[in-house]
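One line per chain: the protein sequences are A and B, in this order. Residues 7 to 312 in our numbering are what the first sequence spells out, letter by letter. Residues 1313 to 1586 in our numbering are what the second sequence spells out, letter by letter.
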Amino acid sequence: MTTAAPAPAPVRETAPARSRSARRVPYRLLLPGILWLLLFFVAPLVYQASTSVQTGSLEDGFRVTWHFATYWDALSTYWPQFLRSIGYAAVATALCLLLGYPLAYLIAFRAGRWRTLLMVLVIAPFFTSFLIRTLAWKTILSDGGPVVGALDSLHVLGLTDALGVTEGHRLLATPLAVVCGLTYNFLPFMILPLYTSLERIDGRLHEAAGDLYAGPLTTFRRVTFPLSMPGVVAGTLLTFIPAAGDYINAELLGSPDQKMIGNVVQSQFLRVLDYPTAAALSFLLMAVILGMVTVYLRRAGTEDVV
Amino acid sequence: MRAVARPFRRLRRHLVVIAGLGTLAYLLLPNVIVTVFSFNKPAGRFNYEWREFSTDAWTHPCDVAGLCGSLSLSLWIALWATLGATLLGTLAAFALARHRFRGRGAASGLFFLPMAMPEVVMAASMATLFLNTGVAFGFWTILIAHITFCLSFVVTAVKARVASMDPRLEQAAQDLYATPFQTFLRVTLPIAAPGIAAGALLSFALSFDDFVITNFNAGSTVTFPMYVWGAAQRGTPVQINVVGTAMFAVAVLCVLAGQLAGRRKNRRRGSRRS
């Protein structure tokens, strides 16, 4: 989704000099969409920026007082949720890559005539409301359910408890459950770009690597993986960004101890009705994510994917 | 070297298949649970534990107050959001993919930005706008919000398709004395159609399933995801699972039917050519 369209081939002009109306065509085509985004995407951000430096109360109304301390207060109160969001999203992204890569590889190179069916099965869960599917995880991970029973008898839960990712003999309301839900929910966003970039790889490159005595692992490390980098970068971004802002998984599968920054924004805005704090937190989240994405893209060295 | 590599290669081949299928199982497990529990008869208000088999929910899908109303509202909103986003997005995509003009980079970036932002930020900012301008939350605010976030996806889908299209086809049409309008209708549009269809489908799915942005901009209007969210707090009726299962089945059947139709068409085309 982040792969940029290749630069369009210049359209041959029939007349040597472009007429004025022809030059206006792209602007006319763009106008409705741009106006829409200015009204309902840019203007909201401006309003939110203004709200974040307002003070006041619900009864007396809010007024712009250039109260930048809201940002500092929000950050010093909610830094644990910030760190938790980044941490959970990073772990979920890594897990998505780890789980998604084999499946994308399988579909791209090994599926043969099953390819279409497997692709359909990857996309199909999208058509069941993700809230319903996330609630299903409540059943799967429920206390006394088969998963908890099996992990408990294998003493896995004791191990994860010692590591601090679960608590006692349960999975629900633990960091593990939230990360598992985040991984599950954003996995297709990892698989699809990975598949797209793997599928483009010329199979003869694998043969060539084999002919040059590269073992399968070397072939993967030196040929397949580097060529799939655009997919890896696009997939990690498409997973990390929504995961860092998510509040559904923490709400449904976690306890108050697993609240992420999205939960704080949601409750400040919709329950506490502290709009300045909610606005400041949104901007901080946006800044953190844009900053991390920029650094990441610079280091990954593939700026052209966006 | 090769003799040593062979067992490794075989192991790796199977490892990839096993790991891939494991991931697929992880992806599909919740859908299996949703389907199985659509036949449950739960003891309490929550449908999280299996009790006994029953087809009650399937035979009485609308027996729960508010569920079917929220479902049809969601379908209705998704329909209009798809129309709006597809129209605005297709026009913009044509401008971005087919023309070079001043400000193209900036416009392209503006259309990309909503996708690069966490949903909760966009949701809160839009709700701030509506609060400050005194617009009443409800159907219209949901629709506006949905069109806004679907727009970027349509632009991306259509742009990719139009950019990969050979401009000489249009020139050929014009050389054959087609008017610009005829060229657009008979050449450009049919070639761009798959991209437009993909963008529209994506918009429909995104709008229908959206919770975060709706949560902030709905007021007291209840779409289907909002209904499920409320149910997660109050008690989950089995009918929710019926809707989830039915949606999954319809989607898979549609995609498979489309694939079959496409394959048959290709076969016919292939036989004609030979």
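Glycine included, every Cβ here is placed at the ideal spot set by N, Cα and C.
Proximity test, Cβ basis, 7 angstroms: residue i and chain A
| i | result |
| --- | --- |
| V1554/B | no |
| P1426/B | yes |
| M1559/B | yes |
| H1411/B | yes |
| Y1539/B | no |
| A1292/B | With chain B running from 1313 to 1586 in the structure shown, residue 1292/B is simply not present. |
| Y1489/B | no |
| D1368/B | no |
| A1563/B | yes |
| I1508/B | no |
| L1455/B | no |
| A1407/B | yes |
| T1308/B | The structure shown does not extend to residue 1308/B, since chain B is modelled only from 1313 through 1586, so no value can be given for it. |
| A1544/B | yes |
| L1400/B | yes |
| Q1551/B | no |
| V1470/B | no |
| V1499/B | no |
| T1460/B | yes |
| Q1571/B | yes |
| A1397/B | no |
| V1328/B | yes |
| L1422/B | yes |
Under the three-state DSSP convention, the category residue i falls into
| i | result |
| --- | --- |
| R69/A | strand |
| F289/A | helix |
| N1359/B | coil |
| G150/A | coil |
| I1480/B | In the sequence as presented, Ile is not what sits at residue 1480/B; that position holds Arg. R1480/B falls in the helix class under three-state DSSP. |
| S25/A | coil |
| G62/A | strand |
| F1465/B | helix |
| F1351/B | coil |
| E173/A | strand |
| L1365/B | Sequence inspection shows Phe at residue 1365/B; the Leu mentioned does not correspond to that position. F1365/B falls in the strand class under three-state DSSP. |
| H1372/B | coil |
| R1575/B | helix |
| T1491/B | coil |
| V1447/B | coil |
| D280/A | coil |
| F47/A | helix |
| K144/A | helix |
| G320/A | Lying before the first or after the last residue shown, residue 320/A is absent from chain A, which here runs from 7 to 312. |
| A1505/B | helix |
| G1378/B | coil |
| F74/A | coil |
Integer Cβ distance of residue i from residue j, believed to fall under 8 angstroms
| i | j | result |
| --- | --- | --- |
| A1517/B | F192/A | That belief does not hold up - the Cβ atoms of A1517/B and F192/A are roughly 16 angstroms apart, past 8 angstroms. |
| M1438/B | F46/A | 7 angstroms |
| P50/A | E1431/B | Not really, about 13 angstroms apart at Cβ, beyond 8 angstroms. |
| T1526/B | M1538/B | 6 angstroms |
| S1464/B | F1423/B | 6 angstroms |
| V1499/B | A1485/B | 5 angstroms |
| I138/A | I1552/B | 6 angstroms |
| S58/A | F226/A | Going by Cβ atoms, the distance from S58/A to F226/A rounds to 47 angstroms, so no, they are not a contact pair. |
Any chain B beta carbon closer than 7 angstroms to residue i
| i | result |
| --- | --- |
| R277/A | no |
| I92/A | no |
| I247/A | yes |
| L36/A | yes |
| G39/A | yes |
| P199/A | no |
| M196/A | no |
| Y111/A | yes |
| F192/A | no |
| K144/A | yes |
| V185/A | no |
| V271/A | yes |
**Study point:** Near-chain B residues of the stretch 43-77 of chain A (beta-carbon distance less than 7 angstroms), N- to C-terminal order
**Key:** L43, F46, F47, A49, P50, L51, Y53, Q54, T57
Check your understanding: Given a limit of 9 angstroms on CB to CB distance, which residues of the stretch 1427-1447 of chain B reach chain A?
Key -> M1427, A1428, M1429, P1430, E1431, V1432, V1433, M1434, A1435, A1436, S1437, M1438, A1439, T1440, L1441, F1442, L1443, N1444, T1445
Exercise for review: Write down every uninterrupted run of the beta strand (DSSP E) in the stretch 1407-1433 of chain B whose length is 3 residues or greater and which is fully enclosed by it, in chain order.
Suggested key: none
Review point. Taking only runs of the alpha helix (DSSP H) that begin and end inside the stretch 1512-1572 of chain B, which ones reach a length of at least 4 residues, in chain order?
Key: 1524-1529, 1536-1546
Practice item. Mind checking the stretch 1519-1530 of chain B against chain C and listing, in chain order, the residues whose C-beta falls within less than 9 angstroms of any C-beta there? Key: Among the chains of the structure shown, chain C does not appear; the protein chains present are A and B.
Review point. Where are the alpha helix (DSSP H) runs, 4 residues long or more, that stay fully inside the stretch 100-142 of chain A, in chain order?
Key: 121-129
Check your understanding: What alpha helix (DSSP H) runs, 4 residues minimum, are completely inside the stretch 157-208 of chain A?
Key -> 162-169, 181-205
Check your understanding: What residues in the stretch 1331-1357 of chain B bring their beta carbon closer than 7 angstroms to a beta carbon of chain A?
Key -> A1331, G1332, T1335, L1336, Y1338, L1339, L1340, L1341, P1342, N1343, I1345, V1346, F1349
Point to revise | Sequence ranges, alpha helix (DSSP H) only - wholly within the stretch 219-275 of chain A, length at least 4 | key: 222-225, 235-251, 254-259, 267-273
Point to revise | Contact set between the stretch 146-170 of chain A and chain B, restricted to residues whose Cβ is under 9 angstroms from the partner | key: I146, S148, G150, G151
Check your understanding: Mind listing which residues of the stretch 278-299 of chain A have their C-beta closer than 9 angstroms to chain B's C-betas, in chain order?
Key -> Y281, A284, A285, L287, S288, F289, L291, M292, I295, L296, V299
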